[in-house]
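Below is one structure, written out as structure tokens; comments come after it.
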Amino acid sequence: MTEQNKPFAITLDVGTSHLNKTGSWRSMKPLYVNRMPPCNKACPCGENIQGWLSLTEEENYKAAWELLTKDNPFPAIMGRVCYHPCENTCNRGELDLPVGINSVERFIGEQGLVNNWQFTAGKDTGKKVMIIGSGPAGLAAAYHLRLFGHQVTIFEASEKPGGMMRYGIPKYRLPREKLNAEIYRIEQMGVKFKFRQRIEDIDKTREEGNFDAALICIGAQKSNHIKFEGESSIQVLDALKVLRDTEQEMRNQLIGRVVVYGGGNSAMDVARTAVRMGAQDVVVVSRYEQDNMSAHPFEIKEALEEGTSILSLRSIKAINGNQITLELLKASEEYYSGKSRVVETGEHETIEADVVVLAIGQLVDAEILNKNPQINVENNTIQIDEIMQTSQNGIFAAGDAVPSQRSVTTALGHGKKAARTINAWLQGQTWQPVPQDEVASFDKMEPWYYSDAPRTAQPYLEAVRRKSGFAEVVGDLDLDSAKYEARRCMSCGNCFECDNCYGICPDNAITKLGVGKGFEFKYDYCKGCGMCEAECPCGAIAMIAEDI
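With this note's numbering as the guide, the letters of the sequence shown map in order to residues 9 to 556.
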């Protein structure tokens, strides 16, 4: 039978498909797309997580480090202190457990330190930017501004850089040699630091230093405080001061029976610090049930393992010497819907303490802005516009001092964005964010392709050893474990050349372009059956309406 005499419906033969030009039959056509992995979307720094995981799997660690640090200059730090919202959205979690993104990030950060990989500043632009505060937002902004080639000077009120990373995160979570090493890398880019410099007149400092722009990154380093009846009869301390004093090796005040009032991560940090400082007994008093405390579950778990007790649904009402009166609370009917929190019961109980530490939130110390009344401050936060500029031209703000979620990762993302907006502003332009691709949600994936792969657990220091000092609690992944964990990534929304589409196409309408080059549709012969989209494991093919 000649080609022309074959039945019209037979299209499985390459020659027949080419002859019939079956592409004219379709109403939908497939398109290769790059969707955004949900982990990338959730990252406050905007890291290309899927990208550097893929490079890690390939053992191309320097390329992974370079890609990661385009957005986040502190992988060894963030691999320890980031609360990894990326893992909460990881599609792998729908199959077994999320990819250990944070642990692999830490591994890549360690590779950078071991191999002494460095950053290179951009070509000098002649522009100068002053930054107030050397916390995560200020340091991240300095890094990105140096990449653009601008000169940067950071004014810091303390004697060392790092902000809350140094004075608010205990050493057992963030060893200081890691913190110092990654900050030093920023300094090596040419960033100038001026310590013990509390800036109270931004305009004056800006004018005297001939700075073209200023960025306020003062954080929220003022403890919230509430008064109790009889408070003067016992030592009542603020959480931030306790953590700062511990970092500076000041006199230990966490002696005897310590009560920590609060339910957040700072409360857990203080409680765990008190255990390490030799407190006789440590109790956390929280207004909320343990499952609804704002501290992250792993922080609570580790605190309990180390001997801290938690009294939930209680508030401190009065202090009389060593007697602490607590009022019992109960969940309201709307409690679990989030519309209401807790209500008082009128019932009381008493516990004993030698020290009470308040960990009930942090405030912005806005007093430094008194000589800059043009800068709008509302609800104790600096108000900014969409490009992170304050109400005063040329003065920007970022981090915990502006309305936002307060975390180290968010602050790093703020610093990155502020640097980009300042860079554009210095050139007389307005920064525009890059449009984001559609998210590769789990319903766009084909999970049958992926086999079960248990998550790698990081090594942990035993609780009995943790209690006796500030040794790091969580350990590193080794090389094989890091590669394995990176391999668990499902490459959501990005083709990894599995050949499924190439092999399944009934019309031979897909051309393989070569390793690393992907595939190409031959639309003359594609009928638009959609089998390629259905069989694509990572959601990198979309069916779109054909123009008819």
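Using N, Cα and C, we set each Cβ at its ideal position, and we do this for glycine too.
Ordered along the chain, which non-local residues of its own chain (more than five positions away) have a Cβ less than 7 Å from that of residue i?
{"i": "Asn218", "result": "Lys136"}
{"i": "Trp60", "result": "Ala72, Leu75, Leu76, Ile116"}
{"i": "Met9", "result": "With a pLDDT of 44 at Met9, under the threshold of 50, the modelled position of this residue cannot be trusted; read the value that follows with caution. Taken in chain order, the list of residues that qualify is empty."}
{"i": "Gly547", "result": "Arg43, Ala448, Lys452, Met453, Cys500, Gly501"}
{"i": "Glu543", "result": "Glu454, Asn508, Cys509, Ile512"}
{"i": "Asn388", "result": "Leu371, Val372, Ala374"}
{"i": "Trp125", "result": "Lys70, Trp73"}
{"i": "Cys90", "result": "Asn110, Val416, Thr417"}
{"i": "Phe529", "result": "Pro38, Ala517, Ile518"}
{"i": "Ile194", "result": "Pro81, Leu147, Ala150, Tyr151"}
{"i": "Ala279", "result": "Val268, Val290, Val292, Ala311, Thr316"}
{"i": "Ser323", "result": "Arg295, Leu334, Glu335, Leu337"}
Would you mind sorting residue i into buried or exposed? The rule is 16 or more other CB atoms within 10 Å of its CB.
{"i": "Arg428", "result": "buried"}
{"i": "Asn401", "result": "exposed"}
{"i": "Asn42", "result": "exposed"}
{"i": "Glu113", "result": "buried"}
{"i": "Gly143", "result": "buried"}
{"i": "Ser32", "result": "exposed"}
{"i": "Ala356", "result": "The residue you asked about is not Ala; residue 356 is His in the sequence shown. Exposed."}
{"i": "His233", "result": "exposed"}
{"i": "Thr254", "result": "buried"}
{"i": "Leu20", "result": "The predicted model places Leu20 with a pLDDT of 47, which falls under 50 and marks its position as unreliable; any figure quoted below should be read in that light. Leu20 is exposed by the Cβ-count criterion."}
{"i": "Ser459", "result": "exposed"}
{"i": "Pro52", "result": "buried"}
{"i": "Leu485", "result": "buried"}
{"i": "Asp299", "result": "exposed"}
{"i": "Lys535", "result": "buried"}
{"i": "Val442", "result": "exposed"}
{"i": "Asn123", "result": "exposed"}
{"i": "Glu614", "result": "Since the displayed the chain opens at 9 and closes at 556, residue 614 lies outside it and no answer follows."}
When you compare each of the options to residue i by their alpha carbons, which one comes out closest?
{"i": "Glu480", "options": "Asp488, Gln466, Glu493", "result": "Gln466"}
{"i": "Lys78", "options": "Ile512, Tyr180, Phe156", "result": "Phe156"}
{"i": "Thr333", "options": "His152, Val267, Ala419, Asn48", "result": "Val267"}
{"i": "Ile368", "options": "Pro83, Asp246, Tyr91", "result": "Asp246"}
{"i": "Val250", "options": "Val416, Arg174, Gly436", "result": "Arg174"}
{"i": "Ile224", "options": "Tyr457, Thr316, Arg34, Ile390", "result": "Ile390"}
{"i": "Arg34", "options": "Asp515, Val199, Val523, Lys520", "result": "Asp515"}
{"i": "Thr128", "options": "Val199, Ser302, Cys94", "result": "Val199"}
{"i": "Glu470", "options": "Leu312, Gln437, Ile139", "result": "Leu312"}
Which same chain residues end up closer than 8 Å to residue i when comparing Cβ atoms and leaving out the 5 residues on each side of it in sequence?
{"i": "Asn13", "result": "Bear in mind that the predicted position of Asn13 carries a pLDDT of just 43, short of 50, making it unreliable; the figure below should be weighed with that in mind. Once the five neighbours on either side are set aside, Asn13 has no close Cβ partner at all."}
{"i": "Gln444", "result": "Met44, Lys49"}
{"i": "Glu297", "result": "Ser320, Leu321, Ala339"}
{"i": "Met36", "result": "Gly536, Gly538, Met551, Ile552, Ala553, Glu554"}
{"i": "Ser274", "result": "Gly176, Ala247, Leu248, Leu251, Ala367, Gln370"}
Any Cβ of chain C within less than 8 Å of the Cβ of residue i?
{"i": "Arg322", "result": "The structure shown has no chain C; it contains just one protein chain."}
Please return the same chain residues whose Cβ sits closer than 6 Å to the Cβ of residue i, not counting the five positions on each side in sequence.
{"i": "Ala550", "result": "Leu39, Val41"}
{"i": "Asp209", "result": "Lys379"}
Jot down the residue ranges of each uninterrupted alpha helix (DSSP H) in the region 170–208, minimum 4 residues, whole runs only, in chain order.
Counting whole runs of 4 or more residues, the region 170–208 contains the alpha helix (DSSP H) stretches 172–175, 184–195.
Evaluate the contact criterion for the region 148–166 versus the region 237–248: three or more CB pairs, one atom per stretch, below 8 Å.
With the rule of 3 Cβ pairs closer than 8 Å, the region 148–166 does not count as touching the region 237–248.
Does the contact criterion of 3 or more C-beta pairs under 8 Å hold for the region 97–106 versus the region 393–413?
no
Unbroken alpha helix (DSSP H) runs of length 4 or more, entirely within the region 491–541: which are they?
Within the region 491–541, the complete alpha helix (DSSP H) segments of 4 residues or longer fall at 508–512, listed in chain order.
Complete runs of the beta strand (DSSP E) confined to the region 360–413 [at least 3 residues]
363–366, 403–405
Examine the Cβ distances between the region 206–217 and the region 409–418 and report whether three or more of them are shorter than 8 Å.
Flag = no, the region 206–217 and the region 409–418 do not touch.
Run through the region 428–476 for me and flag every whole alpha helix (DSSP H) of 4 or more residues, listed as ranges in chain order.
471–474
I'd like the ranges of any beta strand (DSSP E) spanning at least 3 consecutive residues and lying wholly in the region 261–347.
265–269, 289–293, 317–319, 322–328, 331–339
Quick one: complete beta strand (DSSP E) runs, 3+ long, within the region 113–175?
136–140, 159–164
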